[in-house]
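Written out below as structure tokens is the structure these notes cover.
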Amino acid sequence: MSDVSSEGGFAIGQIIDHAGETTDEFERLANEWKLNEMGDEYAIVAVLGCQSSGKSTLLNMLYGTPFAVMDARFGRSQTTQGLWLGRDASEPAWLVLDVEGNDSRERGEDHTAWERKTALFSLALADVLMVNMWCTDFGRWDAANLGILKTVFSVNIQLFASGEAPKKLLYFVVRDYDEDTPKDSLRNIICTDVGKIWESIPKPDAFANAAFETFFDLAFVYLPHYKHCKDQFRAEVDTLRAEFHARNEETGALALAAPGPRVAAIDLPRYADQIWATIKANKDLSLPSEREMLAIYRCDAVLNEQLDEAGSVLDGLESFATEPIAAALARALSAYDAETKLYHSGVVAESRSKLQAQLLARAAPSFEAELVARSAAGVAAAQAVLDKELPGNPRALAEVLAGDGTFDFVGVMAQARAAGEGGVAELEALADAEAWPSVPFEAPPSPLWRASRAGEQAATELSRVLDGAHTKFVGVVLDTLVAEATAHMEQEGELHVLLRSGSAEMWDSLRELRNAALEAVQGKLVEIAAGMGASGSAAEGWQVQLAARVDAVLGNAVEEFVKVLPLALRQTFDDHFKFGPDRLPIRWKPGDDIDARYREARAAALGMLDNFASNELADPPTPLLSNLARRQLAAQLENDLRGAYLDAQQQLEAVSIRSAIPPWVLPLLLVLGFNEMWMILTSPLLLVTTLLGGGLVAFLYAFNMLGPVKAMVLGEGPASAVDAMMSLLSSSSGAGSSGAGSSGAGSSGAGSSATVGKAKAKAD
Numbered sequence: 001m002s003d004v005s006s007e008g009g010f011a012i013g014q015i016i017d018h019a020g021e022t023t024d025e026f027e028r029l030a031n032e033w034k035l036n037e038m039g040d041e042y043a044i045v046a047v048l049g050c051q052s053s054g055k056s057t058l059l060n061m062l063y064g065t066p067f068a069v070m071d072a073r074f075g076r077s078q079t080t081q082g083l084w085l086g087r088d089a090s091e092p093a094w095l096v097l098d099v100e101g102n103d104s105r106e107r108g109e110d111h112t113a114w115e116r117k118t119a120l121f122s123l124a125l126a127d128v129l130m131v132n133m134w135c136t137d138f139g140r141w142d143a144a145n146l147g148i149l150k151t152v153f154s155v156n157i158q159l160f161a162s163g164e165a166p167k168k169l170l171y172f173v174v175r176d177y178d179e180d181t182p183k184d185s186l187r188n189i190i191c192t193d194v195g196k197i198w199e200s201i202p203k204p205d206a207f208a209n210a211a212f213e214t215f216f217d218l219a220f221v222y223l224p225h226y227k228h229c230k231d232q233f234r235a236e237v238d239t240l241r242a243e244f245h246a247r248n249e250e251t252g253a254l255a256l257a258a259p260g261p262r263v264a265a266i267d268l269p270r271y272a273d274q275i276w277a278t279i280k281a282n283k284d285l286s287l288p289s290e291r292e293m294l295a296i297y298r299c300d301a302v303l304n305e306q307l308d309e310a311g312s313v314l315d316g317l318e319s320f321a322t323e324p325i326a327a328a329l330a331r332a333l334s335a336y337d338a339e340t341k342l343y344h345s346g347v348v349a350e351s352r353s354k355l356q357a358q359l360l361a362r363a364a365p366s367f368e369a370e371l372v373a374r375s376a377a378g379v380a381a382a383q384a385v386l387d388k389e390l391p392g393n394p395r396a397l398a399e400v401l402a403g404d405g406t407f408d409f410v411g412v413m414a415q416a417r418a419a420g421e422g423g424v425a426e427l428e429a430l431a432d433a434e435a436w437p438s439v440p441f442e443a444p445p446s447p448l449w450r451a452s453r454a455g456e457q458a459a460t461e462l463s464r465v466l467d468g469a470h471t472k473f474v475g476v477v478l479d480t481l482v483a484e485a486t487a488h489m490e491q492e493g494e495l496h497v498l499l500r501s502g503s504a505e506m507w508d509s510l511r512e513l514r515n516a517a518l519e520a521v522q523g524k525l526v527e528i529a530a531g532m533g534a535s536g537s538a539a540e541g542w543q544v545q546l547a548a549r550v551d552a553v554l555g556n557a558v559e560e561f562v563k564v565l566p567l568a569l570r571q572t573f574d575d576h577f578k579f580g581p582d583r584l585p586i587r588w589k590p591g592d593d594i595d596a597r598y599r600e601a602r603a604a605a606l607g608m609l610d611n612f613a614s615n616e617l618a619d620p621p622t623p624l625l626s627n628l629a630r631r632q633l634a635a636q637l638e639n640d641l642r643g644a645y646l647d648a649q650q651q652l653e654a655v656s657i658r659s660a661i662p663p664w665v666l667p668l669l670l671v672l673g674f675n676e677m678w679m680i681l682t683s684p685l686l687l688v689t690t691l692l693g694g695g696l697v698a699f700l701y702a703f704n705m706l707g708p709v710k711a712m713v714l715g716e717g718p719a720s721a722v723d724a725m726m727s728l729l730s731s732s733s734g735a736g737s738s739g740a741g742s743s744g745a746g747s748s749g750a751g752s753s754a755t756v757g758k759a760k761a762k763a764d
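Residue numbering for the sequence shown follows this note's numbering, beginning at 1 and increasing consecutively.
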């Protein structure tokens, strides 16, 4: 029989103060207790009872909490104010709610509303609701907390019956039990009183015969006098503590915790604040008078009865019909007025408003479905005409115009509008006040308002669909004409040919091509605009859009060509330098003026680069290449041209050397050099040396490096020799098919090297 010490336990906090305002203590405790680590593995116990009945003392002994207790030496007064929250010291999964005592002198005559709110809050939040009762108070009403239980049961039956809250455990703690009265007798008294309270409160029809045990479990514990029988008291508390700490063997959850889903422990502060705010905002929380209470019960019963009768009519309708719906609504309101005219006027009016709103909600599905169907039918009819009659893409429009070149756009739009306005007219008929006779729907929105609003929305939607079809058709027309103009400009590659020419007259030719393409399609646009009944300003706007889109197509073509301009520049140079008038490659021969032809081809390529500096089609002209980009392209072009020039010089030199050697020299060399050849073949050292030297010469010859190497050997200067070598390496990688011809120059020895050096100097 050990007491649970509060030393080393958890802190407590006041979560609702004496004035009924929430505090930040719950949030602080949640962080301090690290509730985020608990998930939903927790339970809450709350205690209700009269002031100074020993509730806090019991909680401290049972859970090891440090709640404040009354000191009788200073008189009996209120100790616990508001609602305080603690935590079980030995089983942290239990959160403990200490509620301010009932029937306090400090609350005075206002105690009833406060007690009702705190009881509702405790019942909504807690898994176990402990009711602290003195054994001597059995047979009394307020002292035994039976009055507050009736209020809780009557107002919150929907909370339990709707499934929004799990089944609760009401744990009655009988204090100062002296064994003179049998426990079973006390238990029967409590059960009888609770049963009478349960039978006296109104219930929804679905739970009219439901037993109290369907929503609540009852448990009892009998504690002896705390001071006179302290050891027995502690023993009973230990037993009770063990019951609270017991866990389900299968699930591991606390055995007394209410089943079902619960909010995460970390969300408890916000959840509790919302519950308290809802309770405070409820206008019915003040204890009503007996007449008001009777009016509430009776009006609710009549309301449910009329809802069922009207609902049977509304639910039995196979399709929407104005007359039976209006009649059912009128009958329900008339019957309600007749049966409730003698009750409290305020309650009657409030409940009548609820009935009106719920009747309208009951009729709303079929009515809304009819509104939606009629709205959708009109718009769908208009859309069907548009989809069938209007060409949806340039190809379809081209096929239509391929006939007589006209299209009756105005007729199609008129047909679509007529189809859509039929649905709008049906909605306007529903908005007629005569369709809803003697039904004063004060609760907005009324059927008249809903139908009128639906008609306005349908008309707006129809206009949107027609405007969208008009805009889409104009877009299809412009797409079609732009495609025709583009095809006209690209006919037989004319656009590409003009760009490829890069001549000074290119921009004028492109402008003429663009104007010709526009003239070819502008006439069609004028005819189509006239057929659509377009205004002059609209037609002019379309003409501007057409011209702008054709200009955009042409501008895109120019910009795409600029991306491959380096290749075009090289091709222009090659056309003037490497190919003759017959488009055959030039074979250089002695006497050809390479320098003059090079300067001519170079000027043509650089001139093309200058012509693409800006887009002359735009007004004003827009830059195509920045000054930096032009300089970079020019430098790149110069490097490419230098290699081509050196290749040509090497080809010419090779031809000159081959033509200068007499044909009888080779046989003479074979006859006169036979002895030396035999000596080399019979000597391994000379043979290896000859093969290595020959391989080196072949390598230098293959890469056109004989001239630069010879220049270095003869002392022409390392800088000039290296420059010549690098130039030859560059030219050999870009010369293409001319590499074979240029390789002949490498075998010519010193004379060939000197010529290459001069050719480089001229190219520079």
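Where a beta carbon is used, it is the ideal one built from N, C-alpha and C, also for glycine. These numbers were taken from a predicted model, which means no experiment stands behind them.
{"Asked": "DSSP three-state label for residue 679, please.", "Found": "helix"}
{"Asked": "Please confirm whether residue 55 and residue 132 have their CB atoms less than 7 Å apart.", "Found": "yes"}
{"Asked": "Measure the alpha-carbon distance for residue 595 versus residue 584 and round it to whole angstroms.", "Found": "20 Å"}
{"Asked": "Measuring straight from C-alpha to C-alpha, what distance separates residue 194 and residue 119?", "Found": "16 Å"}
{"Asked": "Please state the DSSP three-state secondary structure of residue 545.", "Found": "helix"}
{"Asked": "Would you call the region 556–566 and the region 533–544 touching, i.e. three or more CB-CB distances under 8 Å?", "Found": "no"}
{"Asked": "Measuring only the C-alpha atoms, how far is residue 126 from residue 145?", "Found": "17 Å"}
{"Asked": "Quick one, which of 136, 66, 124 and 472 has its alpha-carbon nearest residue 277's?", "Found": "124"}
{"Asked": "Is the shortest distance between the beta-carbon of residue 544 and the beta-carbons of chain C less than 7 Å?", "Found": "Among the chains in the structure shown there is no chain C, since it carries only a single protein chain."}
{"Asked": "Once you ignore the five residues that flank residue 494 on each side, which residues in its own chain have a CB closer than 8 Å to its CB?", "Found": "513"}
{"Asked": "Looking at the secondary structure, which residues open and close the alpha helix (DSSP H) in which residue 262 lies?", "Found": "Residue 262 -> no alpha helix (DSSP H), and no H or E assigned at all."}
{"Asked": "Which residues bound the beta strand (DSSP E) around residue 55?", "Found": "From DSSP, residue 55 is part of no beta strand (DSSP E) but of the alpha helix (DSSP H) over 55–63."}
{"Asked": "How would you call residue 515, buried or exposed, if buried means at least 16 neighbouring beta carbons within 10 angstroms?", "Found": "exposed"}
{"Asked": "Quick one: Cα of residue 564 to Cα of residue 547, how far?", "Found": "26 Å"}
{"Asked": "Using the rule of at least 16 other Cβ atoms within 10 Å of the residue's Cβ for burial, across every protein chain shown, is residue 329 buried or exposed?", "Found": "buried"}
{"Asked": "Runs of 4 residues minimum, wholly inside the region 548–605: which ones carry the alpha helix (DSSP H) assignment?", "Found": "565–577"}
{"Asked": "My assumption, with CB atoms under 8 Å, is that residue 53 sits in contact with residue 101. Please give the rounded CB distance.", "Found": "6 Å"}
{"Asked": "If you follow the beta strand (DSSP E) that residue 15 is in, where does it begin and where does it stop?", "Found": "13–16"}
{"Asked": "According to DSSP, is residue 130 helix, strand or coil?", "Found": "strand"}
{"Asked": "Contact check, residue 796 vs residue 43 under 8 Å by CB: the rounded distance?", "Found": "Because the chain here runs from 1 to 764, residue 796 falls outside it and cannot be looked at."}
{"Asked": "By how many angstroms is the C-alpha of residue 497 removed from the C-alpha of residue 534?", "Found": "39 Å"}
{"Asked": "If I follow the unbroken alpha helix (DSSP H) through residue 198, where does it start and stop?", "Found": "183–200"}
{"Asked": "Can you look up residue 623 in the DSSP assignment and give me helix, strand or coil?", "Found": "strand"}
{"Asked": "Enumerate in chain order the residues of its own chain whose CB-to-CB distance from residue 212 is below 7 Å, with the five nearest sequence positions on each side excluded.", "Found": "194, 195 and 198"}
{"Asked": "If distances are taken between C-alpha atoms only, which option among 173, 523, 387 and 181 comes closest to residue 57?", "Found": "173"}
{"Asked": "What number of angstroms, rounded off, separates the C-alpha of residue 593 from the C-alpha of residue 612?", "Found": "30 Å"}
{"Asked": "Go through its chain and collect everything with a Cβ distance to residue 616's Cβ below 6 Å, but skip five positions before and after it.", "Found": "507"}
{"Asked": "If residue 265 sits next to residue 40, beta carbons under 8 Å apart, how far is it from one beta carbon to the other, in whole angstroms?", "Found": "7 Å"}
{"Asked": "Per DSSP, what kind of secondary structure is residue 614 in: helix, strand or coil?", "Found": "strand"}
{"Asked": "Note down, one range per segment and in chain order, each beta strand (DSSP E) of at least 3 residues found wholly within the region 192–258.", "Found": "216–222"}
{"Asked": "Count the other C-beta atoms from every protein chain shown that fall within 10 angstroms of the C-beta of residue 410, then say buried if there are 16 or more, exposed otherwise.", "Found": "exposed"}
{"Asked": "Hey, would you say residue 177 sits closer than 7 Å to residue 229, going by beta carbons?", "Found": "no"}
{"Asked": "In the DSSP assignment, the alpha helix (DSSP H) including residue 69 goes from what residue to what residue?", "Found": "Run containing residue 69: none; DSSP gives neither H nor E here."}
{"Asked": "State the Cα-Cα distance for the pair residue 675 and residue 645, rounded to the nearest angstrom.", "Found": "44 Å"}
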